[in-house]
Amino acid sequence: MAEQSLVFIKPDGVKRRLMSEVIRRFETRGFEFKRLELRQLSSDEVDAHYQEHVERDFYPRLKEFILSGPILIMILEGDRVVDTVRKMVGPTDALDAEPGTIRGDLALSKGENVIHASDSPESAKREIENFFGSLVH
Ligand code: UDP
Ligand code: MG
0 MAEQSLVFIK PDGVKRRLMS EVIRRFETRG FEFKRLELRQ LSSDEVDAHY QEHVERDFYP
60 RLKEFILSGP ILIMILEGDR VVDTVRKMVG PTDALDAEPG TIRGDLALSK GENVIHASDS
120 PESAKREIEN FFGSLVH
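Under numbering that gives the first Met the number 0, think of the first position of the sequence shown as 0, with each following residue one higher.
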């Protein structure tokens with residue numbers, strides 16, 4: 000199966016009407032959209048998604064933020080999609096992100112940084128199974 004990445008626009012991006020801006024970047028870059036869905040996550044889905052962060056001091060604020068409104072979830076597919084999307088997204092702290100990246104163009108915060116993208120094909124598989132129950136074709 001071709002490589003896939005689980006990406007979502009966080010509630011700040013949806014509220015700031017950045018959905019079309021972010022979709023456009025992935026669409027024009029050439030990735031295939033396998034799923035595109037606006038969804039309000041449950042508490043358990045957030046805990047499962049951020050399982051490596053649940054004990055961190057920032058986690059309660061992160062969880063409250065992710066639950067604060069709907070997110071736009073996408074599954075993107077293409078050659079080396081995981082690394083390429085992470086490059087397009089930029090580093091976690093938007094203040095460190097270069098202009099031209101999504102966070103570097105659209106955010107100024109480490110917490111409210113517009114977008115999530117899988118950091119490895121293994122993470123993508125786990126995240127896709129969490130949100131969609133199984134891998135998608
Ligand atoms: N986060 C935060 N404070 C931190 C680190 C992370 O609020 O000190 C939030 C931020 O929204 C980030 C998410 O937790 O995007 C997940 O953190 P990770 O280190 O996995 O960053 P990412 O993979 O999103 O760049
Ligand atoms: Mg991460």
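The beta-carbon is built from N, C-alpha and C at its ideal position, and this holds for glycine as well.
Values in this document were obtained by computation on a predicted structure and should not be read as measured data.
Listed as beta-bridge partners of residue 38 by DSSP are 70. For residue 116, the enclosing beta strand (DSSP E) begins and ends at 114-116.
Using a cutoff of 6 Å, the CB of residue 118 counts as near the ligand MG, since one of the ligand's heavy atoms is closer than that.
Within the DSSP secondary-structure output, residue 7 pairs in a beta bridge with 72, 115. For residue 7 against residue 87, the beta-carbon gap comes to about 14 Å, at or over 8 Å, which does not count as contact. In terms of Cα proximity to residue 112, the closest of 126, 28, 9 is 9. In the DSSP assignment, residue 83 forms no beta bridge with any residue.
Inclusion of residue 4 and residue 53 in the CB contact set at 7 Å is not warranted, their separation being larger than that value.
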